[in-house]
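**Student:** Just passing along the structure, written as structure tokens.
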Amino acid sequence: MKCAQCGSEAAGGTAACPGCGAPLPATGEAATLTQPGPAMAFHFDAARWTMADRIAGGATFVLLISLFLPWFSVTAGFGSFTASSSVDALTAHGYLYLVLLLAVAMLGYLIVAAGLDDMPALPLGRDQLLGAAAAVNLLLVLIAMLLKPGGGSPLVKVSWGFGAFLGLAAAIVAFAPLARGLLRARSGRTA
Numbered sequence: 000m001k002c003a004q005c006g007s008e009a010a011g012g013t014a015a016c017p018g019c020g021a022p023l024p025a026t027g028e029a030a031t032l033t034q035p036g037p038a039m040a041f042h043f044d045a046a047r048w049t050m051a052d053r054i055a056g057g058a059t060f061v062l063l064i065s066l067f068l069p070w071f072s073v074t075a076g077f078g079s080f081t082a083s084s085s086v087d088a089l090t091a092h093g094y095l096y097l098v099l100l101l102a103v104a105m106l107g108y109l110i111v112a113a114g115l116d117d118m119p120a121l122p123l124g125r126d127q128l129l130g131a132a133a134a135v136n137l138l139l140v141l142i143a144m145l146l147k148p149g150g151g152s153p154l155v156k157v158s159w160g161f162g163a164f165l166g167l168a169a170a171i172v173a174f175a176p177l178a179r180g181l182l183r184a185r186s187g188r189t190a
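When we follow numbering that gives the first Met the number 0, the leftmost residue of the sequence shown carries the number 0, and every step to the right adds one.
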């Protein structure tokens, strides 16, 4: 057995190094301490992203930000009294928290993909995972746009805000390059 401190050779089962006196691990522990497994080093390199990754990642980031912008504005009026307020996407539609979670997961996956030399094996490919998440985000944003909260009264008017249009545009842009890649993969063509 080799001493980790000074590199001297010691007989198996020896409690201390004969060269420096450092305590030595037991025989069963020696194999695990002297032969470490492969380490996964993280070195961020944006050059590992494809153009589709860059477009989808940027649009997903914009979608994430849009969830906190005003999606709907409500104006109520009676006679000379008027009041207005705006609501973000997460307040108006609680199910858009799923879009928030998927967007964070997509961005996290892209960051990990740019940082690791060898990605762990997953059941689906990169474009399939990102494409599926972007498709769910697009579907939920479309539903949120179609299910505009109603006022229930002619005195209350509900209209879309800037965040809703920005979110819809970002969801479409995030899905488009990934859908193109999925269609190419399905037809057997390569780019």
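For glycine and all other residues, C-beta sits at the position ideal for the given N, C-alpha and C.
1. Going by other Cβ atoms of all chains shown within 10 Å of its Cβ, with 16 needed for buried, is Asp44 buried or exposed?
2. Skipping 5 residues on each side, what residues in its chain have a beta carbon closer than 6 Å to that of Ser85?
3. Does the separation of the CB atoms of Leu167 and Val140 fall below 8 Å?
4. Using the Cβ count rule (16 or more neighbours within 10 Å means buried), how would you classify Ala15?
5. Could you compute how far the alpha carbon of Asp87 sits from the alpha carbon of Ala40?
6. Give the DSSP bridge partners of Phe77, in chain order.
7. Taking the CB atoms as reference points, tell me whether Leu99 and Leu129 lie closer together than 8 Å.
8. In terms of residues, what are the limits of the beta strand (DSSP E) holding Ser158?
9. Taking the C-alpha atoms as reference points, what is the distance between Val172 and Phe80?
10. Just mark Ser158 as buried or exposed, buried being the case when its beta carbon has 16 or more other beta carbons within 10 Å.
11. So who's on the other strand from Leu191, going by DSSP bridges?
12. Taking the beta carbon of Met105 as the centre, do at least 16 other beta carbons fall within 10 Å, making it buried, or is it exposed?
**Tutor:** In short, the structure shows the following:
1. Indexing the sequence shown from 1 puts residue 44 at position 45. Exposed, by the Cβ-count rule.
2. Start at 1 with the first residue of the sequence shown, and residue 85 comes out as number 86. Closer than 6 Å at the Cβ level, and outside the excluded window around Ser85, lie Pro69, Ser72, Gly160.
3. Counted from its first residue, the sequence shown places residue 167 at position 168. Counted from its first residue, the sequence shown places residue 140 at position 141. In contact: Leu167 and Val140 (Cβ atoms closer than 8 Å).
4. Taking the first residue of the sequence shown as 1, we reach residue 15 at position 16. Exposed, by the Cβ-count rule.
5. On the sequence shown, position 88 is the one that residue 87 refers to. On the sequence shown, position 41 is the one that residue 40 refers to. Their backbone Cα atoms lie some 39 Å apart in a straight line.
6. Taking the first residue of the sequence shown as 1, we reach residue 77 at position 78. As DSSP reads the structure, Phe77 sits in a beta bridge with Phe80.
7. Working through the sequence shown from its first residue, we reach residue 99 at position 100. Working through the sequence shown from its first residue, we reach residue 129 at position 130. No, these two residues do not count as a Cβ contact at 8 Å.
8. Counted from its first residue, the sequence shown places residue 158 at position 159. It spans 155 to 159 - the beta strand (DSSP E) in which Ser158 sits, taken as one unbroken run.
9. For this step, residue 172 is matched to residue 173 along the sequence shown. For this step, residue 80 is matched to residue 81 along the sequence shown. Inter-residue distance for Val172 and Phe80 is about 41 Å (C-alpha atoms, whole angstroms).
10. In the sequence shown, counting from the first residue as 1, residue 158 sits at position 159. By the neighbour-count rule (16 or more Cβ atoms within 10 Å), Ser158 is not buried but exposed.
11. Since the first and last residues shown for the chain are 0 and 190, residue 191 lies out of range.
12. As a position in the sequence shown, residue 105 is number 106, starting the count at 1. The residue is buried, with at least 16 neighbouring Cβ atoms inside 10 Å.
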